[in-house]
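>
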Amino acid sequence: MTDWEMYDKRFRDLTLPTVKLEKLYSEVLWAEGPVWFADGQFLLFSDIPNNRLLRYV
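So in numbering that gives the first Met the number 0, spot 56 of the sequence shown is number 55, and the numbers just go up one at a time.
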């Protein structure tokens with residue numbers, strides 16, 4: 000997954016042109032997040048329909 004579309008050009012200042020997108024998980028219908036926890040070095044997001052939290056380490 001390397002292509003993405005930018006709808007608001009102001010977002011450009013928050014991105015790095017050399018970074019590529021990577022799909023980490025695809026088994027959710029509706030997810031919220033993600034949020035990065037630097038202290039624990041993990042990514043947390045919610046799988047709303049299945050009422051669960053997922054952590055990517």
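Heads up, the beta-carbon is just placed ideally off N, CA and C, and yes, glycines get one too.
#1: Select from Phe36, Lys8, Ile47 the residue whose C-alpha is nearest the C-alpha of tyrosine 55.
#2: Could you round the C-beta distance between glutamate 31 and phenylalanine 44 to whole angstroms and report it? I think they count as a contact, below 8 angstroms.
#3: Compare the beta carbon distance of proline 48 and valine 27 with 9 angstroms and say whether it is the shorter of the two.
#4: Which one of Trp29, Leu15, Asp38 has the shortest CA to CA distance from asparagine 50?
#5: Whole angstroms is fine: what's the gap from tryptophan 3's alpha carbon to aspartate 38's?
Concretely, from the data shown:
#1: For the purposes of this step, residue 55 is taken as the residue at position 56 of the sequence shown. Answer by Cα proximity: Phe36.
#2: Looking up residue 31 in the sequence shown gives position 32. Looking up residue 44 in the sequence shown gives position 45. At roughly 7 angstroms, the Cβ-Cβ gap stays under 8 angstroms, so glutamate 31 and phenylalanine 44 are in contact.
#3: By one-based count along the sequence shown, residue 48 stands at place 49. By one-based count along the sequence shown, residue 27 stands at place 28. Yes, the Cβ-Cβ distance between proline 48 and valine 27 is below 9 angstroms.
#4: Here residue 50 refers to the residue found at position 51 of the sequence shown. Per the Cα distances, Trp29.
#5: Along the sequence shown, one-based indexing puts residue 3 at 4. Along the sequence shown, one-based indexing puts residue 38 at 39. Their backbone Cα atoms lie some 29 angstroms apart in a straight line.
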